[in-house]
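Student:
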Amino acid sequence: MKLACVVQRYGHEVVGGSESHCRSIAERLAAHHDVTVLTSCATDYLSWKNTYAPGATTVGPVRVVRFPVERTRNTHDFAELNNIVASGRATPEDEDAWFRENGPLVPGLLEHLKAHGREYDRVLFWTYRYFPSYFGVPLVRDRAILVPTAEADPVIWLRSLSQFFTLPRGYVFLTPEEAELVRGRTDGALPPSCIIGTGLDPVEPRAKRSDLTAAGVRGPFVLYLGRVDPNKGCETLLRYFQEFVDREGARVQLVLAGPVFMPVPSHPSILSLGFVDEDTRAALLDSALALMVPSPFESLCIALLEGWNHGLPALVNGRCRVLKGQVLRADGGLFYGNATEFITGLRELLDKPEMARQIGRQGLDYVEHQYRWPTVMQTLETFLQSPALSAVQG
Amino acid sequence: MDHVDVSRVMADIRMRASAELRERAFDRGNTPEFSDAKVFDIVEQMLRSAVDDGERKVLLLPEIIAGDKDLTLEPSARLTSHRPLVGPLIVFVKRRLLQPLTQWLYEYSMDNFRRQAQINRIMFAALQALAIETARLRIELDAAKGGTGRRGSGAA
């Protein structure tokens, strides 16, 4: 098949959940199909400043066509529009303006879809919230496959989406909860879909392990992986963890591994390492007692899957339906809805180490069955070739 | 070790956490009604579902008051000027000069506006859950009264 993958940014230097997901999938699809990635010239998702040269190039096994961003994001206007969206009072004009300002503004990409969209058998779009997907899907709706990466955040409630979500020919979801969320926001029946999640390679034993004591890690610890950011639930995690230490004593250290975007309290039981390299990350995952996942919004939590890939039990924010669903399906962790449940859950994991290890092993089993690349790609291939998607096209 | 059923572990954790919360609310929270564990369970369940589902429901109260400016948070400052000629200049000054100077206050307020909006949704959801419960009870009561009446007349 001739496939196009549309995504807001693409390249080895680009870090981001949906972008990495797109790259992993595009590279694997390229083994059996003619794959072209259509994207912007930007690497920075805040400014959308053009970094790459426009035009066709090759990244790994994939042909990539980059289109210049017409103008960078006006951060002030965007902040204003975000506030309007968060208030739930956006007019249709506000919504249209939000999708334009969210960017990246790549009119050339839309022109390409208008002129050449019918040359592709399927056009896969990553993330509904960006300009290329929101304005691109309607142009090739008879062959558009949307990978929405939808979360239960205020944007999902924009009124125009209930119509927009009826447009794609098919959907690729990351979790059943995401599918349910989009189904609930769609006027009428949801187009055909599959749920793939993402793929992970088995953990390979490392010859040399990073020395965690040099980094300040001492004794038993629980781990938070990812951006240290209030939007990721870290404020709540830090508050609950301090309450845990107040009640239970310094039984365990909380280690935060990821770039820091908020003040981290100076506390003898809290250690913030900032960004860590791959070796340190692997050593942390190998040595931690449990993984903390406090995020309120997720379409799929890759950090959670990574933790399970290392056999780590998890303690997750149960108010995030995706996290709670993942944990229950895997029997791979506990969840909490408030401070008391957090404290009780963490105490349970520390007091019953054999049970905690078993829960971690169950998480690993779940990854083995659901999230290895051959399984993921088989599900996607079957879906892309399914008669339900082919019926409408000529 | 045998397979661990997380649902069962969580049911136990939730039970212990609830018991702890009830103890605090009853003993130190001066809510004697919570001496009855059944009452506490029903109240807790109702409030929990308001918190969990509030974000995902179309709530009646916000729909009913929609459009009433006095009852609506207006977090965004849409900068405008009513002056016909110098208006654009005034907006430019407000945007480029005054707004950057007060950015810290703006961001602080926005953060609190967002939290307030979330609390409001939870409150609306809790009120809706209570209203539904009241309506159901009223229907059941009316049916019971009607039933008693019919039984009464039948007996006569």
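Protein sequences appear in the order of chains A and B.
Under my numbering, the residues of the first sequence are numbered 300 to 693, in order.
Under my numbering, the residues of the second sequence are numbered 41 to 196, in order.
The beta carbon of each residue, even a glycine, is placed where N, CA and C say it ideally should be.
Below 7 Å between beta carbons is the criterion; list the residues of the region 607 to 631 of chain A that meet it against any residue of chain B, in chain order.
Tutor: Residues passing the 7 Å Cβ filter: Arg618, Val626, Leu627, Asp630.
Student: Look at Gly278 (chain A) and Gly525 (chain A) and say whether their C-beta atoms are less than 7 Å apart.
Tutor: In the structure displayed, chain A extends from 300 to 693; residue 278 (chain A) sits before or after that span and is not available.
Student: Using 8 Å as the cut-off, can you tell me whether the region 585 to 603 of chain A makes contact with the region 517 to 537 of chain A, which would need three or more C-beta pairs spanning the two stretches below that distance?
Tutor: Yes: the two stretches touch, three or more of their Cβ pairs being nearer than 8 Å.
Student: Closer than 9 Å between beta carbons: that is the criterion. Which residues of the region 373 to 387 of chain A meet it against chain B?
Tutor: Listed by position along the chain: His375, Ala378, Glu379, Leu380, Asn381, Asn382, Ile383, Ala385, Ser386, Gly387.
Student: Between A:Tyr523, A:Ser386, A:Thr350, which lies nearest to Thr371 (chain A) when the distance is taken from Cα to Cα?
Tutor: The residue given as residue 371 (chain A) occupies position 72 in the first sequence. Measuring from the Cα of Thr371 (chain A), the nearest candidate turns out to be A:Thr350.
Student: By DSSP, does Thr448 (chain A) sit in helix, in strand, or in coil?
Tutor: Translated into the one-based positions of the first sequence, residue 448 (chain A) becomes position 149. If DSSP states are grouped into helix, strand and coil, Thr448 (chain A) belongs with coil.
Student: Relative to the C-alpha of Gly354 (chain A), which candidate in A:Ala385, A:Cys340, A:Ser346, A:Pro652 has its C-alpha closest?
Tutor: Here residue 354 (chain A) is taken as the residue at index 55 of the first sequence, counted from 1. If we check each option's Cα against that of Gly354 (chain A), A:Cys340 comes out closest.
Student: For the region 159 to 175 of chain B, which residues have a CB atom closer than 7 Å to at least one CB atom of chain A, in sequence order?
Tutor: Correct list: empty, as no residue qualifies.
Student: How many Å lie between Phe463 (chain A) and Leu412 (chain A) at the Cα?
Tutor: Residue numbering aside, residue 463 (chain A) sits at position 164 when the first sequence is read from its first letter. Residue numbering aside, residue 412 (chain A) sits at position 113 when the first sequence is read from its first letter. Cα to Cα, the separation comes out at about 17 Å.
Student: Cα separation between Glu394 (chain A) and Trp456 (chain A)?
Tutor: Walking along the first sequence from the start, residue 394 (chain A) turns up at place 95. Walking along the first sequence from the start, residue 456 (chain A) turns up at place 157. Their Cα atoms are separated by approximately 11 Å.
Student: Would you decide whether Asp697 (chain A) is buried or exposed? Buried here means 16 or more other CB atoms lie within 10 Å of its CB.
Tutor: Nothing can be reported for residue 697 (chain A): it is not among the residues displayed for chain A, which extend from 300 to 693.
Student: Return the CA-CA distance between Ser193 (chain B) and Ala183 (chain B), expressed in angstroms with no decimal places.
Tutor: Residue mapping note: residue 193 (chain B) aligns to position 153 of the second sequence, counting from 1. Residue mapping note: residue 183 (chain B) aligns to position 143 of the second sequence, counting from 1. Because Ser193 (chain B) carries a pLDDT of 44, less than 50, the predicted location of this residue cannot be relied on, and no value is offered for it.
Student: Identify which residue in A:Thr338, A:Arg517, A:Cys493, A:Asp420 has its Cα closest to the Cα of Lys301 (chain A).
Tutor: Working through the first sequence from its first residue, we reach residue 301 (chain A) at position 2. Of the candidates A:Thr338, A:Arg517, A:Cys493, A:Asp420, the one whose C-alpha sits nearest the C-alpha of Lys301 (chain A) is A:Asp420.
Student: At least one CB of chain B closer than 7 Å to the CB of Glu640 (chain A): is that the case?
Tutor: Translated into positions along the first sequence, residue 640 (chain A) becomes position 341. Answer yes: the Cβ-Cβ gap between Glu640 (chain A) and chain B drops below 7 Å somewhere.
Student: Can you tell me the Cβ-Cβ gap for Phe430 (chain A) and Leu404 (chain A), rounded? I've got them flagged as a contact below 8 Å.
Tutor: Taking the first sequence and counting its residues from 1, the one referred to as residue 430 (chain A) is at position 131. Taking the first sequence and counting its residues from 1, the one referred to as residue 404 (chain A) is at position 105. The pair is a contact, with the Cβ atoms about 6 Å apart (cut-off 8 Å).
Student: Would Gly693 (chain A) pass as an interface residue toward chain B - the criterion being a Cβ-Cβ separation below 7 Å?
Tutor: Here the question's residue 693 (chain A) lines up with position 394 in the first sequence. Model confidence at Gly693 (chain A) stands at a pLDDT of 44, short of 50, so the residue's coordinates are unreliable; what they give is reported in the following sentence. No, its Cβ sits nowhere closer than 7 Å to a Cβ of chain B.
Student: Are the C-beta of Gly644 (chain A) and some C-beta of chain B separated by less than 7 Å?
Tutor: Reading the first sequence from its first residue, position 345 is the one you call residue 644 (chain A). Closer than 7 Å to some Cβ of chain B, the Cβ of Gly644 (chain A) qualifies, so yes.
Student: If the criterion is Cβ atoms closer than 7 Å, does the pair Leu611 (chain A) and Ala587 (chain A) meet it?
Tutor: The count along the first sequence starts at 1 and reaches residue 611 (chain A) at position 312. The count along the first sequence starts at 1 and reaches residue 587 (chain A) at position 288. For Leu611 (chain A) and Ala587 (chain A), yes; Cβs fall inside 7 Å.
Student: CB Trp288 (chain A) to CB Leu663 (chain A), shorter than 7 Å?
Tutor: Not covered by the structure: residue 288 (chain A). The range shown for chain A is 300 to 693.
Student: Where in the region 375 to 411 of chain A do unbroken runs of the alpha helix (DSSP H), each at least 4 residues long, occur, reported from the N-terminal end onward?
Tutor: The qualifying runs are 391 to 401.
Student: Excluding five sequence neighbours on each side, which residues of the same chain lie with their C-beta closer than 6 Å to the C-beta of Thr579 (chain A)?
Tutor: On the first sequence, residue 579 (chain A) is found 280 positions in, with the first residue counted as 1. So the list reads Ser509, once near-sequence residues are dropped.
Student: Shorter than 7 Å from the beta carbon of Ile658 (chain A) to some beta carbon of chain B?
Tutor: On the first sequence, position 359 is the one that residue 658 (chain A) refers to. At least one chain B Cβ lies under 7 Å of Ile658 (chain A).
Student: Buried or exposed for Gly548 (chain A), going by 16 or more other Cβ atoms inside 10 Å?
Tutor: As a first step, residue 548 (chain A) must be located in the first sequence, where it is residue number 249. Gly548 (chain A) should be labelled exposed.
Student: With distances taken Cα to Cα, identify the nearest neighbour of Leu627 (chain A) among A:Ile658, A:Pro467, A:Thr338.
Tutor: Numbered from its first residue, the first sequence carries residue 627 (chain A) at position 328. Closest by alpha carbon: A:Ile658.
Student: Would a check of beta-carbon distances place Glu60 (chain B) closer than 7 Å to chain A?
Tutor: Stepping through the second sequence from its first residue, residue 60 (chain B) is reached at position 20. Interface residue, yes.
Student: Give the secondary structure of Lys348 (chain A) by DSSP, where H, G and I count as helix, E and B as strand, and everything else as coil.
Tutor: Residue 348 (chain A) sits at position 49 when you count from the first residue of the first sequence. Looking at Lys348 (chain A) - three-state DSSP - the assignment turns out to be coil, as it is neither helix nor strand.
Student: According to DSSP, is Gly469 (chain A) part of a helix, a strand, or is it coil?
Tutor: Residue mapping note: residue 469 (chain A) aligns to position 170 of the first sequence, counting from 1. Residue state, collapsed to three classes: strand.
Student: When the Cα atoms are used, what is the spatial distance from Ala638 (chain A) to Pro490 (chain A)?
Tutor: If you number the first sequence from 1, residue 638 (chain A) lands on position 339. If you number the first sequence from 1, residue 490 (chain A) lands on position 191. Cα to Cα, the separation comes out at about 40 Å.
Student: Looking at C-alpha atoms only, which residue of A:Leu499, A:Glu450, A:Gly498 is the closest neighbour of Glu479 (chain A)?
Tutor: As a working note, residue 479 (chain A) is residue 180 in the first sequence. Looking at the Cα atoms, A:Glu450 is the closest of the given residues.
Student: Taking the alpha carbon of Pro367 (chain A) as the point to measure from, which residue in A:Glu312, A:Gly416, A:Pro406 has its own alpha carbon closest?
Tutor: Within the first sequence, residue 367 (chain A) is the residue found at index 68, counting from 1. Ranking the options by Cα distance to Pro367 (chain A), first place goes to A:Pro406.
Student: Quick check: the Cα distance between Leu138 (chain B) and Gln661 (chain A), rounded to an integer number of angstroms?
Tutor: Position 98 of the second sequence holds residue 138 (chain B). Position 362 of the first sequence holds residue 661 (chain A). Cα to Cα, Leu138 (chain B) sits roughly 57 Å from Gln661 (chain A).
Student: Could you check the C-alpha separation between Gln684 (chain A) and Gln677 (chain A) for me, to the nearest Å?
Tutor: Reading the first sequence from its first residue, position 385 is the one you call residue 684 (chain A). Reading the first sequence from its first residue, position 378 is the one you call residue 677 (chain A). Near 11 Å, if we compare the C-alpha coordinates of Gln677 (chain A) and Gln684 (chain A).
Student: How far does the alpha helix (DSSP H) with Asp650 (chain A) in it reach, from first residue to last?
Tutor: Residue 650 (chain A) sits at position 351 when you count from the first residue of the first sequence. 638 to 650 is the extent of the alpha helix (DSSP H) around Asp650 (chain A).
Student: Judging by CA-CA distance, which residue of A:Phe424, A:Pro391, A:Ile383 is the nearest neighbour of Arg154 (chain B)?
Tutor: Mapped onto the second sequence, residue 154 (chain B) falls at position 114. Closest by alpha carbon: A:Ile383.
Student: Using the DSSP secondary-structure output, state which residues sit across from Asp333 (chain A) in a beta bridge.
Tutor: Here residue 333 (chain A) refers to the residue found at position 34 of the first sequence. BP columns for Asp333 (chain A) point to A:Lys301.
Student: What in chain B is Cβ-close to Leu604 (chain A), meaning under 9 Å?
Tutor: Taking the first sequence and counting its residues from 1, one reaches residue 604 (chain A) at position 305. Per Cβ cutoff of 9 Å: no residues; Leu604 (chain A) is ~16 Å from chain B at best.
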